[in-house]
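Shown next, in structure tokens, is the structure this report addresses.
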Amino acid sequence: MSRLYPRNRDLSQPLESVELRVQAPDEGRLDLFLARRLAWRSRSGVKALIEEGRALVNGERRKPGSRVRAGDVVTVDVRRESPAPAPPPLRIRVLFEDEHMIALDKEGGVVVHPVGSHQQGTLLQELHRRAGGGALPKLIHRIDQHTSGVLLVAKREEVRAAMGEMLERGAIAKTYEALLLGRPEWEEREEDAPLGPVLDSRILHGVDRARGKPSRSRFTVVRRFPFATLARVDIGTGRTHQIRVHAAHLGHPLLGDHLYGDGIPPPGFARFALHARSVRFVHPVTRAETAIEAPLPAAFDAAIAFLAG
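Position 44 (the sequence shown) corresponds to 48 in this note's numbering; numbering is contiguous.
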């Protein structure tokens with residue numbers, strides 16, 4: 005699948021159009037192709053785009069039911085009919101910064117980068133706005149919208165590439181704190197289960213021992229409550245939804261996980277309770293041992309106090 009948005013685009017500037025190249029598996033009706041790519045729009049919304057001439061195939065207007073073939077380029081006008089009001093600036097809390105990278109303490113509920121229906125008010129857009137036309141910051145990794153804690157951002161592409169390679173081979177140690185549903189029988193448990201996307205879903209991931217990528221998470225009980233557990237989670241890989249899927253696979257999903265658990269959040273949380281507590285690595289440029297920690301947010305402390313009764 006081709007990228008929806010151009011790589012290295014200045015996200016502080018509004019996007020006017022996107023180009024989608026049709027691959028062989030995408031061949032079929034134009035409206036169905038766009039409905040898959042623009043998943044946040046309804047089928048009627050996609051049809052309206054085509055009928056209004058805001059979705060062109062190789063520069064030409066087509067009907068919604070016309071066929072697209074491999075190699076076709078579909079250009080979609082994504083400008084709003086009425087410009088949306090500019091979102092308020094996000095609060096940026098810096099945990100670490102040098103000339104090569106920044107570590108931020110991301111708040112829960114903040115979207116990291118534009119995706120789907122979240123096209124405004126993201127953290128990366130705020131960083132691009134603050135760059136003021138200079139070199140654009142680049143994400144080293146991502147964390148979910150509802151996960152708080154340490155997020156690493158590179159100031160140059162070569163730093164991002166070096167850190168990305170370190171992530172892939174497990175050279176960056178990441179520790180999370182999570183509230184799990186139930187009381188595990190174990191004190192420590194390592195889950196080594198490969199993960200991959202669930203084929204009939206655009207969002208869900210799951211254990212896939214045939215095609216999944218290697219994924220390792222070590223859960224350690226920190227404190228037990230009557231019906232929940234505070235756990236430390238150390239991960240050697242960083243797959244999509246890794247901790248959430250592994251926790252559910254162990255029978256103890258994150259409290260409030262709407263995809264892999266019961267979806268009932270603890271007090272103070274809009275969704276699940278997960279915090280990226282710390283990262284440790286050898287700096288790829290200075291070679292210094294680097295450790296960065298984000299304190300638990302107030303909502304997490306309040307949830308712990310509630311669970312403790």
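The beta-carbon is built from N, C-alpha and C at its ideal position, and this holds for glycine as well.
- The continuous stretches of alpha helix (DSSP H) do not include I268, and DSSP gives it neither H nor E.
- In its chain, beyond the 5 residues on either side, K159 have a beta carbon closer than 8 Å to the beta carbon of E103.
- When C-beta atoms of the stretch 60-69 are compared with those of the stretch 29-37, three or more pairs fall below 8 Å, so the two segments count as touching.
- In terms of Cα proximity to A302, the closest of G138, R206 and H279 is H279.
- Counting every other CB atom within 10 Å of its CB across the protein chains shown gives L199 a total of 16 or more, marking it as buried.
- Spanning the alpha carbons of E130 and E162 requires a straight line of approximately 22 Å.
- Comparing alpha-carbon positions, the option among R41, F100, A277 and P271 lying closest to D261 turns out to be A277.
- P29 carries a helical assignment under DSSP once its states are collapsed to helix, strand and coil.
- Within the DSSP secondary-structure output, A158 pairs in a beta bridge with M105 and K142.
- Beyond the five residues adjoining it in sequence on each side, I207 comes within less than 8 Å, by CB distance, of L263 in the same chain, given in chain order.
- Here E293 carries a strand assignment [DSSP, helix/strand/coil].
- Residue state for V202 is assigned as coil, using DSSP reduced to three classes.
- Annotated as proximal: F273 and A307, with beta-carbon spacing under 9 Å.
- About 11 Å separates the Cβ atoms of V157 and L99, ruling out a contact at the 8 Å cut-off.
- Taken in chain order, the unbroken stretches of beta strand (DSSP E) that lie wholly in the stretch 160-187 and span 3 residues or more are 177-185.
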